[in-house]
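Everything in the sequence shown is counted per my numbering, starting at 7 for the first residue and increasing by one. The C-beta atom is built at its ideal place from N, Cα and C for all residues, glycine as well.
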Amino acid sequence: MRLSPTTCYYLRKLLNQSLRKREDVTVSQWGESVDRLANLPEVLQCLYTSEVEISTATQKLENLVLLHQGIARQTFLYTDRAQELIKLEKQILWLLGFQNAEV
Numbered sequence: 007m008r009l010s011p012t013t014c015y016y017l018r019k020l021l022n023q024s025l026r027k028r029e030d031v032t033v034s035q036w037g038e039s040v041d042r043l044a045n046l047p048e049v050l051q052c053l054y055t056s057e058v059e060i061s062t063a064t065q066k067l068e069n070l071v072l073l074h075q076g077i078a079r080q081t082f083l084y085t086d087r088a089q090e091l092i093k094l095e096k097q098i099l100w101l102l103g104f105q106n107a108e109v
């Protein structure tokens, strides 16, 4: 399973907005460096070892992005939803290997 183009676009947009520290934007495995902001499917292949793990992470990202989009639309009406957005962003960043990133 691969990330949809719409999800990749949304994730790149979210990453560009969320990441304050740009030092950790590449992941290195087997001597190769992958830009986490540019090539998300390749990042998933580097971070997860099996096809099952990649598929699971992809599905989680797809679901989290859909939730994030829905809640982001509602924050104009309900300001108390901002904490939910932060929680979702942290989960997304974690899945993409940004364990130490601040939202």
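Using the three-state DSSP reduction, which class does residue i fall into: helix, strand or coil?
{"i": "N45", "result": "coil"}
{"i": "G103", "result": "coil"}
{"i": "L9", "result": "coil"}
{"i": "Y54", "result": "coil"}
Taking the continuous alpha helix (DSSP H) assigned at residue i, which residues delimit it?
{"i": "S61", "result": "E57 to Q80"}
Under 6 Å Cβ to Cβ from residue i, same chain only, skipping five residues before and after it: list those, please.
{"i": "V71", "result": "T13 and Y16"}
Output needed for residue i: all residues of its chain with C-beta closer than 7 Å, excluding positions within five of it in sequence on either side, in chain order.
{"i": "Q105", "result": "none"}
Give every residue of the same chain whose Cβ lies closer than 8 Å to the Cβ of residue i, excluding the five residues on either side of it in the sequence, and list them in chain order.
{"i": "Q75", "result": "Y16"}
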